[in-house]
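Chains as they are written, first to last, in this note's numbering: chain W, 1 to 310; chain H, 311 to 620. Glycine is no exception: its CB is placed at the ideal position from the N, C-alpha and C atoms.
Number of protein chains: 2
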Amino acid sequence: MITIGIDLGGTNIAAGLVNEAGKIIARDSTPTKAGRPYDEIMADMGTLVQKLLRENKFTEEDVKYVGIGAPGVLDNKKGTVTDNGNLHWVDYPITAKLQPYIHKPIYLGNDANVAAWAEYVRGCGKGAENFIMLTLGTGVGGGIILNGKLYTGSHNIGAEIGHTPLKAGGELCGCGNKGCMEAYCSATALIRNAKREAVNVPESAIAKANVISAKTVIDAAKAGDELGVRLFQDYVSDLAQAIAGIINFLDPDIIALGGGVANAGEFLLEPLRREVPKHVTFPGGMATRLLSAQMGNDAGIMGAALLGEG
Amino acid sequence: MITIGIDLGGTNIAAGLVNEAGKIIARDSTPTKAGRPYDEIMADMGTLVQKLLRENKFTEEDVKYVGIGAPGVLDNKKGTVTDNGNLHWVDYPITAKLQPYIHKPIYLGNDANVAAWAEYVRGCGKGAENFIMLTLGTGVGGGIILNGKLYTGSHNIGAEIGHTPLKAGGELCGCGNKGCMEAYCSATALIRNAKREAVNVPESAIAKANVISAKTVIDAAKAGDELGVRLFQDYVSDLAQAIAGIINFLDPDIIALGGGVANAGEFLLEPLRREVPKHVTFPGGMATRLLSAQMGNDAGIMGAALLGEG
């Protein structure tokens with residue numbers, strides 16, 4: 001038996017077939033073309049699934065279930081998108097619309113939660129009881145696994161971890177609040193600070209870059225560029241305090257870091273492992289492990305394909 | 311059948327008998343006299359339990375189980391106090407030491423968690439799936455119930471909710487961090503700010519008070535005292551942002567407020583219900599209810615007496 005994982009993104013719909021060993025054995029994608037009628041998008045998703053099965057010599061009979069990871073607020077029980085900022089879907093019955101194309105159980109999950117679930121079941125979270133994943137990208141996303149189960153809150157809207165206060169009253173966040181964790185710990189925040197400071201340090205590699213990305217700052221820090229080192233240290237200091245707060249609050253086994261900034265790997269983890277414990281208040285010190293997420297770009301398809309587990 | 315709840319505090323050991331209807335039908339206490347040998351304290355606890363049963367015409371046969379709420383880091387499974395700041399108990403086998411006095415199952419819980427559990431099972435949290443209690447006292451304590459179960463983290467040290475950052479780098483917290491929620495939302499923080507400001511506003515009722523407590527500030531705010539109103543508004547603003555962060559993160563059904571500051575009741579809840587939603591980032595707005603804790607001083611005994619449930 002295989003399962004099908006679908007990653008519905010703002011740009012592409014990606015789908016993959018996952019075998020019982022947990023390997024993606026085939027994949028395909030089609031453009032989302034966001035903005036067109038929902039039913040057209042879902043028809044393309046259905047066609048993509050049928051094509052993927054046909055071209056890989058599978059039939060519906062081989063499929064255990066289908067999982068869909070989608071952005072926004074979802075209702076897993078009803079199988080609907082409750083509210084989706086980017087795709088502008090409101091109360092849309094996503095699983096019912098896919099059902100005519102594949103007559104198997106369909107599970108639905110928020111994309112950030114799905115990625116965390118993949119990391120928990122197949123990645124660096126394996127065997128943990130309580131596991132939290134932070135995605136340090138354009139925003140700061142997250143997923144929480146507690147007692148071995150994906151936690152999505154009382155209203156399926158949980159784990160907006162990026163919108164907990166870090167410095168209330170501080171930097172303006174995309175959500176309208178001031179001082180959210182996201183306003184300090186996202187790639188966007190690192191880039192904002194770099195642009196702000198670079199104008200005063202024209203000799204920095206950052207000021208000389210054509211486009212400033214999180215990687216520009218990290219590469220500069222690695223090379224010992226003074227501004228790069230300072231920006232990265234400040235970033236680590238902020239992130240360390242946010243992570244310590246999560247540890248003090250929820251005491252998980254593992255916190256995993258994914259997303260663009262986490263691509264820095266040990267260059268980020270090593271100073272974090274020094275800084276975070278300074279802010280952990282437990283008498284026995286810090287027992288939570290900080291790890292790099294391992295699933296990378298496969299997390300969306302893989303997590304969706306695992307939504308029927310556990 | 312009855313259950314016995316024991317509240318081991320720094321000043322007193324309080325014990326109560328709780329009937330099947332969930333009522334405390336008898337209670338007694340004895341001074342803890344912290345600092346003396348542990349075994350003496352536990353002997354007094356055992357004697358207290360035996361006396362309470364005898365004087366109320368019960369025998370061991372009538373007892374279903376005993377629950378103990380104690381401060382510090384506990385290991386429920388091993389029945390030990392792992393580390394206790396105030397009583398200076400380290401790796402002490404608390405349940406084994408009580409067992410000779412009462413031959414029934416003994417459960418152990420952290421005092422803040424026990425109070426939250428009481429509030430969940432018998433108080434304002436009844437029927438909720440996910441419930442968080444904040445205790446706004448000398449510090450900011452808390453307890454988390456997720457999926458109907460008390461959540462204490464992977465290492466039994468979870469829910470130090472007061473030591474999540476609110477304004478990282480800000481006011482010094484008792485834990486050594488700067489800018490913890492506790493450093494803004496505890497009674498201690500409110501009193502610190504009142505003392506700091508009162509010297510500049512000698513005409514304020516707060517400046518004229520002999521002793522400044524949280525109640526002094528709240529009473530002044532209620533009376534329209536300018537400094538009192540300002541201090542209380544600032545307190546509400548800080549607390550609202552902290553609460554909204556918890557909602558964004560964990561999306562519970564209910565957040566309950568207990569402890570000294572929460573004695574202000576609707577005077578605190580009413581402005582919070584206005585301020586918190588401004589910082590909640592979910593597209594559908596705030597679905598979590600904010601309530602006052604109902605159990606008051608009985609929470610310790612009652613929660614301990616309920617530790618064997620659920």
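Three-way DSSP call (helix, strand, coil) for residue i in this model
i	result
Val586(H)	helix
Lys208(W)	helix
Asn200(W)	coil
Leu579(H)	helix
Arg289(W)	strand
Lys459(H)	strand
Gly419(H)	strand
Lys407(H)	helix
Met311(H)	coil
Leu257(W)	strand
Ile102(W)	coil
Ala438(H)	coil
Leu231(W)	helix
Lys388(H)	coil
Ala425(H)	helix
Asp83(W)	strand
Gly382(H)	coil
Asp401(H)	strand
Asp372(H)	helix
Met605(H)	coil
Gly123(W)	coil
Gly618(H)	coil
Asp7(W)	strand
Ala613(H)	Per the sequence shown, residue 613(H) should be read as Gly rather than Ala. Helix.
Closer than 9 Å to chain W by CB, residue i
i	result
Cys434(H)	no
Asp419(H)	The sequence shown places Gly at residue 419(H), not Asp. With 9 Å as the cut-off, Gly419(H) does not count as an interface residue toward chain W.
Lys477(H)	yes
Phe592(H)	yes
Val539(H)	no
Gly606(H)	no
Asp535(H)	no
Val431(H)	no
Glu507(H)	no
His589(H)	yes
Glu439(H)	yes
Gly392(H)	In the sequence as displayed, the identity of residue 392(H) is Thr instead of Gly. Taking Cβ atoms only, chain W reaches closer than 9 Å to Thr392(H), which makes this a yes.
Ile454(H)	yes
Ile404(H)	no
Ile556(H)	yes
Gln543(H)	no
Gly451(H)	no
Ala493(H)	no
Thr313(H)	no
Proximity test, Cβ basis, 9 Å: residue i and chain H
i	result
Ile206(W)	no
Asp39(W)	no
Asn76(W)	no
Asp238(W)	yes
Val73(W)	yes
Ala189(W)	no
Gly10(W)	no
Ala70(W)	no
Gly137(W)	no
Gln241(W)	yes
6 Å CB neighbourhood of residue i in its chain, flanking five on each side removed
i	result
Gly419(H)	Gly379, Leu617
Ala531(H)	Gly538, Val539, Phe542
Val261(W)	Leu136, Ala187, Ala214
Ile467(H)	Val383
Lys64(W)	Met1, Thr3
Ala499(H)	Ala493
Pro105(W)	Tyr65
Neighbourhood of residue i by C-beta distance below 8 Å, restricted to the same chain and skipping five residues each side
i	result
Val546(H)	Leu578, Pro581, Leu582, Glu585
Gly610(H)	Gly315, Asp317, Gly319, Ala324, Gly379, Asp421, Val424, Ala425, Ala428
7 Å Cβ shell around residue i - same chain, five flanking residues per side excluded
i	result
Asp28(W)	Ala15, Leu48, Lys51, Leu52
Gly458(H)	Glu439, Gly620
Pro277(W)	Gly285, Met286
Uninterrupted beta strand (DSSP E) stretches inside the stretch 319-370 of chain H (no shorter than 3 residues): Contiguous beta strand (DSSP E) elements confined to the stretch 319-370 of chain H occur at 322-328, 334-341, taking only those with 3 or more residues.
Selection of the stretch 559-571 of chain H by Cβ proximity to chain W, strictly under 8 Å: Going along the stretch 559-571 of chain H in chain order, one finds Phe559, Leu560, Asp561, Pro562, Asp563 with a Cβ nearer than 8 Å to chain W.
Residues of the stretch 456-482 of chain H with Cβ closer than 9 Å to any Cβ of chain W, in chain order: If you check each beta-carbon in the stretch 456-482 of chain H against every beta-carbon of chain W, the ones closer than 9 Å belong to Leu456, Asn457, Lys459, Tyr461, Thr462, Gly463, Ser464, His465, Asn466, Ile467, Gly468, Ala469, Glu470, Ile471, Gly472, His473, Thr474, Pro475, Leu476, Lys477, Ala478, Gly479, Gly480.
Whole runs of the alpha helix (DSSP H) within the stretch 135-187 of chain W, excluding any shorter than 4 residues: If we require 4 residues or more, the alpha helix (DSSP H) runs fully inside the stretch 135-187 of chain W come out as 182-185.
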